[in-house]
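Undergrad:
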Amino acid sequence: MEQELVVIGSIAKAHGLRGEVQVIPETDFPERFASRLDVYLVSRRGLVRQARLMDCRRAGERILISIEGVDSREGAEELAGWTICVARENLVELAPGQHYIFEIIGLRVEALDGRQLGTIVDVWQGPANDVYVARGPCGEILIPGTEEIVREIDVKAGVMKIVAMPGLIEEEGQPA
Numbered sequence: 163m164e165q166e167l168v169v170i171g172s173i174a175k176a177h178g179l180r181g182e183v184q185v186i187p188e189t190d191f192p193e194r195f196a197s198r199l200d201v202y203l204v205s206r207r208g209l210v211r212q213a214r215l216m217d218c219r220r221a222g223e224r225i226l227i228s229i230e231g232v233d234s235r236e237g238a239e240e241l242a243g244w245t246i247c248v249a250r251e252n253l254v255e256l257a258p259g260q261h262y263i264f265e266i267i268g269l270r271v272e273a274l275d276g277r278q279l280g281t282i283v284d285v286w287q288g289p290a291n292d293v294y295v296a297r298g299p300c301g302e303i304l305i306p307g308t309e310e311i312v313r314e315i316d317v318k319a320g321v322m323k324i325v326a327m328p329g330l331i332e333e334e335g336q337p338a
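Residues 163 to 338, numbered by the working numbering, are exactly what the sequence shown covers, in order.
1) Between which two residues does the beta strand (DSSP E) holding Arg235 run?
2) Does the CB of Trp244 have a neighbour CB from chain B at under 7 Å?
3) Would you tell me roughly how many angstroms separate the C-alpha atoms of Val343 and Leu330, rounded to the nearest one?
4) Note down the Cα distance separating Lys318 from Gly268, rounded to an integer number of angstroms.
5) For Arg220, does the three-state DSSP call read helix, strand or coil?
6) For the pair the stretch 174-181 and the stretch 192-206, tell me if three or more CB-CB distances fall below 8 Å.
7) Along the chain, which unbroken stretches of the alpha helix (DSSP H) at least 4 residues long are found entirely within the stretch 240-312?
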């Protein structure tokens, strides 16, 4: 597939007898799951098929979805474990200074003084702020996603610049 796909949900299981599926949303924008949304379904093996969401409704933390052409429980059961994706160019546009997690993972981390500290390998979403997990020459670094620490995120350049405060980074021969 030529275009880059971004996961917005995972199909958990079939629901009912008429082909509905239960979806676990993996997006901050669950309203994306609107009727007539064109999506891509991706299997665990990497098979990709285009689909159209026909009807969507909330069911607690999950969303119940009807998919065009899937009209039986058996058809819905075959989709369990598949992900629902949209093309990257169809993502919801974020406010300036906000980034999708997939854009953050893989960024190089640099101290303001130019030291290379590692690469972002994970993002933990917390109630107060995100925490960026970086690995590099200083070992694993947990970087609070606050304005005091993270000074610049340049996705195009592939870099996150941070203030290397005392205690944040393990210096050679010094415990953190």
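Think of the CB as a built atom: it goes at the ideal place given N, C-alpha and C, for glycine as much as any other residue.
TA: Looking at the atomic coordinates:
1) Within the sequence shown, the letter at position 73 stands for residue 235. Unbroken run through Arg235 is the alpha helix (DSSP H), 235-239; no beta strand (DSSP E).
2) Here chain B cannot be found, since the structure has a single protein chain.
3) In the structure as shown, the chain begins at 163 and stops at 338. Residue 343 is therefore absent and cannot be evaluated.
4) Numbered from its first residue, the sequence shown carries residue 318 at position 156. Numbered from its first residue, the sequence shown carries residue 268 at position 106. Going by the C-alpha atoms only, they are around 12 Å apart.
5) For this step, residue 220 is matched to residue 58 along the sequence shown. In the structure shown, Arg220 adopts extended strand secondary structure according to DSSP, grouped into three states.
6) No contact exists between the stretch 174-181 and the stretch 192-206.
7) When DSSP assignments are scanned along the stretch 240-312, the uninterrupted stretches of alpha helix (DSSP H) that are 4 or more residues long and fall wholly within it turn out to be 263-266.
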